[in-house]
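Colleague: Shown below is the structure under consideration.
Protein chains: 2
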Amino acid sequence: MDLDFFELIYNHPLLKKEDYQEIRKAHTKIEFQQGSMLLEIGKIAREFYIIEKGLFRSFLYDYNCNETTTEFYCSNEILIESLSLFQRTSSKENFQAITDAVVWKIEYETFQQLLQTVEGFREWGRTWATSQIFSLKQRSINVLTINATDRYLDLIKERPQIIKQSPLKYIASYLGITDTSLSRIRKEIATS
Amino acid sequence: MDLDFFELIYNHPLLKKEDYQEIRKAHTKIEFQQGSMLLEIGKIAREFYIIEKGLFRSFLYDYNCNETTTEFYCSNEILIESLSLFQRTSSKENFQAITDAVVWKIEYETFQQLLQTVEGFREWGRTWATSQIFSLKQRSINVLTINATDRYLDLIKERPQIIKQSPLKYIASYLGITDTSLSRIRKEIATS
DNA sequence: AAGTACACTTGCCATATGACAAGAAATGCT
DNA sequence: AGCATTTCTTGTCATATGGCAAGTGTACTT
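One line per chain: the protein sequences are A and B, in this order. Position 14, counted from 1, in the first sequence is what full-length UniProt numbering calls 14; the numbers after and before it change by one each time, with no gaps. Position 113, counted from 1, in the second sequence is what full-length UniProt numbering calls 113; the numbers after and before it change by one each time, with no gaps.
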């Protein structure tokens, strides 16, 4: 059932059946082909996306002009450039479909309206924003204090979809290492 | 002048002289001794702090029980554990005065009230939250893509106060390296 | 002034990761 | 099936950083 998908994403005890009807109506389905861009650096994000199927990544170019994958977005997750969307500034990152994908989008204005009119949605939004900030903090700490092998093992455990669906080079740049090193780490893990 | 300090911190074009009067009245001055704790892991943050003088750091223990300095807070900056303050959850980090310090605090409830009643303050808050998220993202990217020497050089350039006021070991753990390595990096820089 | 604690530096060697290049495997296209 | 492209692996060597221990410097206490 489609409704189950929305209940899963916007999960909050204050949200009722009729709220989900309203939320659902606010969304439009779009499909993306593997490799296509959902948002590019310099453009302004106007929509909030939830992923039904497929895998996306965000990436940018570091000071050495190397592509760095900053995040992965799996099915049943939310994909946005929060700074661009909420601050109406140009995006600092590219967002790309790694596989063919099905997503549901909601316009920024509609999203804001839901936040204002649906209490449970507002509360959901607050919780979600908090978890976003928590993840961002956690990521820096992990990178600083955990070695690449353990970060990779964590990724396997926590987000196996990524391992299955993403080319090794994107995973490597997400972990902050080269694809050569990641290949060796995999070998090491396999033989131990 | 004290007012100048508040105008500097809560800088926003929508805020007027009388707004700053109100903002100022909402704050109370406190002093901290070098080494004393402003907030500890497990406690709930009830206040928002702005630093007039001195240096603070936040830190936690990683999965190896090593102390990791997650952030520094210099004079004219804001110091809070946003997750704890806004979500009423227990703090995930310790906050400690590295030097003797003078800060101004504002109670959470008073802060919320200002957000609701003063439009310029609300707009300032939105901008500030955005810049926080931006910094968090930037930090992960820097750690992933820039080597320790360049991160240290950046720190010297961007936040010289920290270099002057913090012991080397905190700077090292902030950079994600040992104090031994940082000592060598300094030597390397000095002789080149 | 001696003692103590803390901050910083240095030496030695180990380990993790990178750079580059070649080869192998998988995938897509016609 | 055959070719081209991309993805992944492996070898060799270089560099960055860590772990440990000893040594030096500095500041505070008494």
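C-beta atoms are modelled at their ideal positions from N, C-alpha and C, and glycine is treated no differently.
Which residues in the same chain have their Cβ closer than 6 Å to the Cβ of Asn94 (chain A), if we skip the five residues on either side of it in sequence?
Modeller: Hits under 6 Å: Glu40, Ile41 and Phe59.
Colleague: Measure the alpha-carbon distance for Thr68 (chain B) versus Ile133 (chain B) and round it to whole angstroms.
Modeller: 20 Å
Colleague: Kindly indicate if chain A contains any beta-carbon less than 8 Å away from that of Phe86 (chain B).
Modeller: yes
Colleague: Residue range of the beta strand (DSSP E) that Glu71 (chain A) falls in?
Modeller: Glu67 to Tyr73
Colleague: Looking only at its chain, what residues have a beta carbon closer than 7 Å to the beta carbon of Ala26 (chain A), apart from the 5 residues adjacent to it on each side?
Modeller: Ile106, Thr110 and Leu114
Colleague: Could you list which residues in chain A have their beta carbon closer than 8 Å to that of Tyr63 (chain B), in chain order?
Modeller: Thr145 and Ile146
Colleague: Gly125 (chain B) and Leu144 (chain A) - do their beta-carbons sit closer together than 8 Å?
Modeller: no
Colleague: Is the beta carbon of Ile185 (chain B) sitting closer than 8 Å to the one on Ile171 (chain B)?
Modeller: no
Colleague: Please confirm if Ser140 (chain A) has its CB atom under 8 Å from at least one CB of chain B.
Modeller: yes
Colleague: Can you tell me whether DSSP reads Thr145 (chain A) as helix, strand or coil?
Modeller: helix
Colleague: From Ile189 (chain A) to Leu155 (chain A), what distance separates their C-alpha atoms?
Modeller: 13 Å
Colleague: Can you give me the Cβ contacts of Val102 (chain B) inside the same chain, cut-off strictly under 6 Å, excluding the 5 residues immediately before and after it?
Modeller: Listed in chain order, the non-local C-beta contacts of Val102 (chain B) below 6 Å within the same chain comprise Glu31, Glu52 and Lys53, local neighbours out to five positions each way being set aside.
Colleague: Give the residues of chain A in contact with Thr28 (chain B), contact being defined as C-beta atoms less than 7 Å apart.
Modeller: Against chain A, a Cβ distance below 7 Å from Thr28 (chain B) picks out nothing, because the smallest value is about 27 Å.
Colleague: Output yes or no for whether 8 Å exceeds the beta carbon distance between Gln96 (chain A) and Arg57 (chain A).
Modeller: yes
Colleague: Within this structure, are the beta carbons of Leu15 (chain B) and Phe86 (chain B) separated by less than 8 Å?
Modeller: no
Colleague: Quick check: what's the CA-CA separation for Tyr108 (chain A) versus Lys187 (chain A)?
Modeller: Taking the straight line from one Cα to the other gives about 45 Å.
Colleague: Here's a check: name, in chain order, each residue in its chain whose Cβ is nearer than 7 Å to the Cβ of Asp62 (chain A), leaving out the five neighbours to either side.
Modeller: For Asp62 (chain A), where only same-chain residues beyond five positions count, the Cβ hits under 7 Å are Thr68.
Colleague: Any C-beta of chain B sitting closer than 8 Å to the C-beta of Asn66 (chain A)?
Modeller: Judged by the 8 Å Cβ criterion, Asn66 (chain A) is in contact with chain B.
Colleague: Please report the distance separating the alpha-carbon of Leu136 (chain B) from that of Glu22 (chain A).
Modeller: C-alpha of Leu136 (chain B) to C-alpha of Glu22 (chain A): approximately 34 Å in a straight line.
Colleague: Return the first residue and the last residue of the alpha helix (DSSP H) that Thr117 (chain B) is part of.
Modeller: Tyr108 to Thr117
Colleague: Whole angstroms is fine: what's the gap from Glu158 (chain B)'s alpha carbon to Ser82 (chain B)'s?
Modeller: Their backbone Cα atoms lie some 23 Å apart in a straight line.
Colleague: Looking at the secondary structure, which residues open and close the beta strand (DSSP E) in which Ser58 (chain B) lies?
Modeller: Phe56 to Tyr61
Colleague: Give the DSSP-derived three-state secondary structure of Ile80 (chain A) in the structure shown.
Modeller: coil
Colleague: What is the DSSP secondary structure of Gln21 (chain A), reduced to helix, strand or coil?
Modeller: helix
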